[in-house]
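Numbering (the working numbering), first residue to last: 1 to 237.
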């Protein structure tokens, strides 16, 4: 069985990140990236969330001030997603160039010696662990957000929403109104999940390579010291 080179492992990780980013129309590491129809749709979803969250607060605040807390409980996550999307689009060229440079580093150093390969694989293992950990965390959180309302509805008939905002003209007391509402909320939530996860993947992949650069520099210094020692031995002889 042919062993996968570190560069191949790195590209495999980037394919995972790019797949999630593409699902949100924000594959910012693509050299030919442009804002597309999916990107626009995601932006519309963000606007819909904020508009109807404010609408819900205005509609229900007179009945209970608690609706303010319920409606804005996800605002932090949404703002985080917005920041990742805007930052990714704004710095798309930098992210693309960073990806290209990292790929070149892997291709260059994996052919030098065993020490370099070991360091490259060590870095990739750390990144892989974090990516899997984040993936499991997102699956648990978003899986529960999707499943919990349906489970509660089936067990006790109570109608819980995926996200705490209402749509005008949709009556939650009717099956059509309830399932239409949570279906539209599910679409918004899915884009939010993929978008935040893709942003976290790119953040982890890029920032974890700081340790790689440190380890490669250490190897280079050791090589220079070895050369210097040989020169000293020749001079002494």
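Positions of the beta carbon are idealized from the N, C-alpha and C atoms, including for glycine.
Out of the options, point me to the one whose CA is closest to residue i's CA.
| i | options | result |
| --- | --- | --- |
| residue 71 | 155, 165, 14 and 186 | 165 |
| residue 132 | 171, 160 and 205 | 205 |
| residue 240 | 68, 49, 98 and 29 | What the structure shows of the chain is the stretch from 1 to 237, and residue 240 is not part of that stretch, so it cannot be assessed. |
| residue 105 | 212, 14 and 152 | 212 |
| residue 190 | 8, 36, 42 and 7 | 42 |
| residue 99 | 230, 223, 7 and 214 | 7 |
| residue 110 | 216, 225, 221 and 230 | 216 |
| residue 120 | 94, 219, 223 and 51 | 219 |
Taking Cβ positions, are residue i and residue j nearer each other than 8 Å?
| i | j | result |
| --- | --- | --- |
| residue 201 | residue 16 | yes |
| residue 82 | residue 46 | yes |
| residue 102 | residue 10 | yes |
| residue 61 | residue 54 | no |
| residue 96 | residue 187 | no |
| residue 162 | residue 149 | yes |
| residue 159 | residue 145 | no |
| residue 127 | residue 14 | no |
Please report the Cβ distance between residue i and residue j, rounded to the nearest whole angstrom; I am assuming they are in contact, meaning their Cβ atoms lie under 8 Å.
| i | j | result |
| --- | --- | --- |
| residue 26 | residue 195 | 7 Å |
| residue 199 | residue 77 | Going by Cβ atoms, the distance from residue 199 to residue 77 rounds to 11 Å, so no, they are not a contact pair. |
| residue 123 | residue 209 | 7 Å |
Classify residue i: buried if its beta carbon has 16 or more other beta carbons within 10 angstroms, exposed otherwise.
| i | result |
| --- | --- |
| residue 207 | exposed |
| residue 129 | exposed |
| residue 74 | buried |
| residue 91 | exposed |
Using beta carbons (cut-off 8 Å, strictly below), is residue i in contact with chain D?
| i | result |
| --- | --- |
| residue 99 | Judged by its chain identifiers, the structure shown contains no chain D, having just a single protein chain. |
Would you list, in sequence order, the uninterrupted beta strand (DSSP E) runs of no fewer than 3 residues that lie entirely inside the segment 194-224? none
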